[in-house]
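Data block below; observations after.
Structure, rendered in structure tokens:
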């Protein structure tokens, strides 16, 4: 069975759906709902009204909210776990409960609600302590009273609102400090969880409280809402000396494992989706509250988790699908380059003699506290936590890093 996909030039073209033969197929006498089982949503871009709405939604949200609105808030997704991952002995029978934190800012209505429904409907209820929706001072009216009214009938969903615009990083700290479970699980506001996603993450933390557990992040096409499950299992999180995160092929990494489905070490993470033991996160100093808006907090947490007695792993048996956005609303901020500021703060605190490499990337001779902010408190936190050196991190967690300072 072929599925029609949106063509950028208007009209449609055909591609074989990866989920055409799913055992979850609807009866033949029922019409297939838009986006069902991860299929692409079909739209006629030759229609001027449709084209205009799609174009406007891409500009507003960074993805096609028009296509999302056509789908069910409870759209079905296939069970994409491997047979090995479905075995009962892969996860522990007794697991800690978790607070799930989702920060949102002017997110599309249907996308945010689908995120929450995917959690509620594909997660054992006894493992969810609470779902904490953190509103980072959204301006969209539909995310105020209407959102409160919608989730009033879901007792595990709690909404807290920032008193001012905090930016993603500080909003996540705001949310984390409001949690009450022993484990915090962060998710973006534009994801869909698949069946069995949470248990493998909690198993990792139950076995080692200083390990950060990251799901395999499958992709949802921001134009068509089609699920792509081919890419994510083959990559690991990493970065180069400009601290720009990227996905590297697992085959290029030196560490080997019994099979491709067990949790595997990663030197870095994308940052939006992970689970962490609350006291470990607190010992690491949460995120640097001197960071502005968005960016580099993922690299900071990656580095200090490895340097301060822990590590992070990607969990192949945990699958969460994430919408690929075009741009990011948190970066639409006038003024100084927040990514540069955040990067240099990280370098000054955590990178030891390697900080000069990053300073050279930005053409900065040294750290200027009057411009980038004082970091004395962050250095003191590092000392209290008894963290190791950045050199040890590179040698042990990231030997693949091209580095002239390490032979």
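Residue numbers (the numbering used here): 1 to 407. Positions of the beta carbon are idealized from the N, C-alpha and C atoms, including for glycine.
Item to check | Uninterrupted alpha helix (DSSP H) stretches inside the segment 161–201 (no shorter than 4 residues) | outcome: 168–177
Checklist entry - Quick one: what does DSSP say residue 278 is sitting in, helix, strand or coil? => result helix
Next on the checklist: Tell me which residues share the same chain as residue 122 and place their Cβ nearer than 6 angstroms to its Cβ, disregarding the 5 neighbours each side in the sequence.
Outcome noted: 193 and 195
Item to check | Beta-carbon gap between residue 147 and residue 175 smaller than 8 angstroms | outcome: no
Next on the checklist: For residue 308, tell me which candidate among 350, 290, 342 and 150 has the shortest Cα-Cα distance.
Outcome noted: 350
Next on the checklist: Checking the sheet assignment: what are the DSSP bridge partners for residue 319?
Outcome noted: 216
Checklist entry - How about the segment 365–374 and the segment 243–254: do they share at least three Cβ pairs that are nearer than 8 angstroms? => result no
Checklist entry - Does the beta-carbon distance from residue 178 to residue 306 come in below 8 angstroms? => result no
Item to check | Integer-rounded CB distance, given that residue 214 should sit under 8 angstroms from residue 315 | outcome: 7 angstroms
Item to check | Presumed contact (8 angstroms Cβ cut-off) between residue 245 and residue 239, rounded CB distance | outcome: 5 angstroms
Checklist entry - What does a CB cutoff of less than 7 angstroms around residue 95 pick up in its chain, not counting 5 residues either side in sequence? => result 127, 199, 202, 203 and 206
Checklist entry - For residue 302, which residues from the same chain have a beta carbon less than 7 angstroms from its beta carbon, with the 5 sequence-adjacent residues on both sides left out? => result 267, 268, 269 and 312
Checklist entry - Is it true that the CB of residue 102 sits closer than 8 angstroms to the CB of residue 319? => result no
Checklist entry - From residue 64 to residue 379, what distance separates their C-alpha atoms? => result 43 angstroms
Checklist entry - With distances taken from CA atoms, which of 87, 183, 45 and 352 is nearest residue 67? => result 45
Item to check | Cβ-based neighbour list, residue 58, same chain, cut-off 8 angstroms, excluding 5 preceding and 5 following | outcome: 64, 222, 223 and 326
Checklist entry - If you draw a straight line from the alpha carbon of residue 141 to that of residue 191, how long is it in whole angstroms? => result 22 angstroms
Checklist entry - Can you pull the DSSP bridge partners for residue 312? => result 212
Checklist entry - Is the CB-CB distance between residue 285 and residue 211 below 8 angstroms? => result no
Next on the checklist: As a quick exercise: from 402, 234, 47 and 367, pick the residue whose alpha carbon is nearest that of residue 241.
Outcome noted: 402
Checklist entry - Residues in its own chain within less than 7 angstroms of residue 145 by CB, not counting five upstream and five downstream? => result none
Item to check | Three-state class that DSSP yields for residue 91 in the structure shown | outcome: coil
Item to check | Distance between residue 72 and residue 34 (C-alpha atoms, nearest Å) | outcome: 8 angstroms
Checklist entry - Do you know offhand how far residue 356's Cα is from residue 365's? => result 8 angstroms
Item to check | Which listed residue (321, 263, 262 and 258) has its alpha carbon closest to that of residue 187 | outcome: 321
Checklist entry - Taking the beta strand (DSSP E) that residue 135 falls in, what are its first and last residues? => result 128–135
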